[in-house]
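In what follows, a single structure is set out as structure tokens and then discussed.
There are 2 protein chains.
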Amino acid sequence: MAERGFAGTGIAAISKASGLPASSIYWFFDSKDDLAAAVLERAMDRWVAMLEEVKGDAAPQKRLGAFMRRALAEIGDRLPLFLRLEMILALERGPHDAAIRERLQRGRDTGRDLLAQALAGAFEGIDDADRLAKELAPLAIAMAQGVMLGHELDPDGIDLDRFTEELAIGLRAIAEHRVGGKDP
Amino acid sequence: MAERGFAGTGIAAISKASGLPASSIYWFFDSKDDLAAAVLERAMDRWVAMLEEVKGDAAPQKRLGAFMRRALAEIGDRLPLFLRLEMILALERGPHDAAIRERLQRGRDTGRDLLAQALAGAFEGIDDADRLAKELAPLAIAMAQGVMLGHELDPDGIDLDRFTEELAIGLRAIAEHRVGGKDP
DNA sequence: CTTATTCTGTAGTGAATGCTACAGGAAGAG
DNA sequence: CTCTTCCTGTAGCATTCACTACAGAATAAG
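If you read the sequences in order, they're chains A and B.
According to numbering that gives the first Met the number 0, the first sequence is numbered sequentially starting from 0.
According to numbering that gives the first Met the number 0, the second sequence is numbered sequentially starting from 0.
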């Protein structure tokens, strides 16, 4: 589904790929939409679990880089499947399926909270670091997702390893700019 | 198609929405894939035309901001349809359709060149501004696309107007960092 | 006018779509 | 063993899918 989209993936294909008989699929799930929502939930939980895990291991200042490196480790030539799934379902089903929208919202909220903490670490020394981190977390996530997508579409144009450090640098500059346009 | 994906949009629906009879669709296009490729091409041409237009109007230093503002003007609550189309086709058909991949590549190349010039303007005063602008253009595009997508999914989390200025600030910080980690 | 070209309406192809009905097997509980 | 709950296999539903064949209308060219 992450590779062919929601409409492009038939129940028969899901059945074959999973080994679960088609009739069983409709025992466990009410509909194809319901299945997609469940799959999306699993995918987002995995995202969150990954971030939580890193959170325990890395000191606040290094945490943003650690997040990025961990996400990176999940990427070969392909976007991690669950990021692909998230985007494709958001674009394809979001406008038509409220359950999907709600799941996306929940995932975004927890992701934002986790990233805000990491960002606060990267904003060390700036006034109001916590508030700025909260404000900028959604921007940071959007940027990172865009860059990962860009990397999948054209791996040569973007150096993900470098971006791992540079995201923090760019965001810090933006935060400094917000706190007052003057440099020390 | 931008709203329901490639597989989610039937020929009949296209026919009804466009007024063009289904049989005529197959007179003008060889297949649904062919149609999608043509539609994508139109969409990307419109992107490029938009950038070219701005290029003539804005001085180099202001050009990045002007690009962003112009793209922004295209957005209401929805991502501009052609950006949505680009992403959805890239994710859904990219892995399976070489013609789509080629079109995406061409669009990216021209987009990168145009943006590199605008970025060079924003990097004024930095050594090697031109080279850095070329290097960072794909990153800038990816960031901007990610942010626009993020805005569509959750309009409250991201302030697009602010991002218009802040993208340049963040990228400039990254460029400065690349040219040598020291600040004056 | 005639002729040639471009497009459309009608009808229908086989295959695949999401989903249901339901009988019966598998497995655990007592 | 029986009984109950959980799952699966078979068959089939109506609908939609991308696509084709083709006769003839519309349009343009001479």
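Here a beta-carbon is modelled for each residue, glycine too, at the ideal position from N, C-alpha and C.
Within chain B, no C-beta atom comes nearer than 8 Å to that of A70(A); the closest sits roughly 13 Å away. Within the same chain, and ignoring the five residues on either side of P79(B) in sequence, the residues whose Cβ sits closer than 6 Å to its Cβ are E73.
When the beta-carbon positions are compared, A70(B) and A57(B) stay at least 8 Å from each other. The contact set of P137(A) on chain B, defined by CB atoms closer than 8 Å, consists of G149, D153, G156 and I157 in chain order. Against F162(A), the close residues of chain B are L138, in the order they occur along the chain (beta-carbon pairs closer than 8 Å).
Taken atom to atom, the span from the alpha-carbon of L34(A) to that of G156(A) is near 36 Å. Per DSSP, the unbroken alpha helix (DSSP H) holding P137(B) starts and ends at A128 to L152.
Taking the beta carbon of E91(B) as reference, the chain A residues within 7 Å of it are R3, G4, G7 and I87, listed in sequence order. Membership of H95(B) in any alpha helix (DSSP H) is not indicated, and neither H nor E is assigned to it by DSSP. For P94(B), the nearest beta carbon of chain A is closer than 8 Å to its own beta carbon.
Uninterrupted alpha helix (DSSP H) stretches at least 4 residues long and entirely within the stretch 41-125 of chain B occur at 59-72, 80-91 and 97-121, given in chain order. DSSP, read as helix, strand or coil, puts L19(B) in coil.
At a Cβ-Cβ threshold of 8 Å, A97(B) and P59(B) do not count as neighbours. Rounded to the nearest whole angstrom, the C-alpha separation of A128(B) and F122(B) is 6 Å. Straight across, the Cα-Cα distance linking R161(B) with A37(B) is about 35 Å. Across the structure, E91(B) and V53(A) are spaced so that their CA atoms are roughly 31 Å apart. The contact set of L103(A) on chain B, defined by CB atoms closer than 7 Å, consists of L152 in chain order.
L159(A) and S14(A) have their C-alpha atoms roughly 35 Å apart. With a beta-carbon spacing of about 13 Å, A42(B) and F5(B) fall beyond the 8 Å limit used to define contacts. Rounded to the nearest angstrom, the gap between the Cα atoms of R77(A) and L50(A) is 20 Å. Under the Cβ distance rule, I24(A) does not count among the residues neighbouring chain B, no pair being separated by less than 8 Å.
Distance between G124(B) and L84(B), taken at the CA atoms: about 37 Å.
At a cut-off of 8 Å between beta-carbon atoms, I168(A) makes contact with chain B. For a Cβ distance threshold of 8 Å, residue set L90 of chain A lies close to R83(B), ordered along the chain. Not a single C-beta of chain A is nearer than 8 Å to the C-beta of M49(B).
Where T163(B) is concerned, the enclosing alpha helix (DSSP H) starts and stops at L159 to V178. Distance from the CA atom of L103(B) to the CA atom of G149(A), rounded to whole angstroms, is 11 Å. Listed along the chain, the chain A residues whose CB falls inside 7 Å of the CB of I173(B) are E165, I168 and G169. By the CB criterion at 8 Å, I87(B) and A1(B) fall inside the cutoff.
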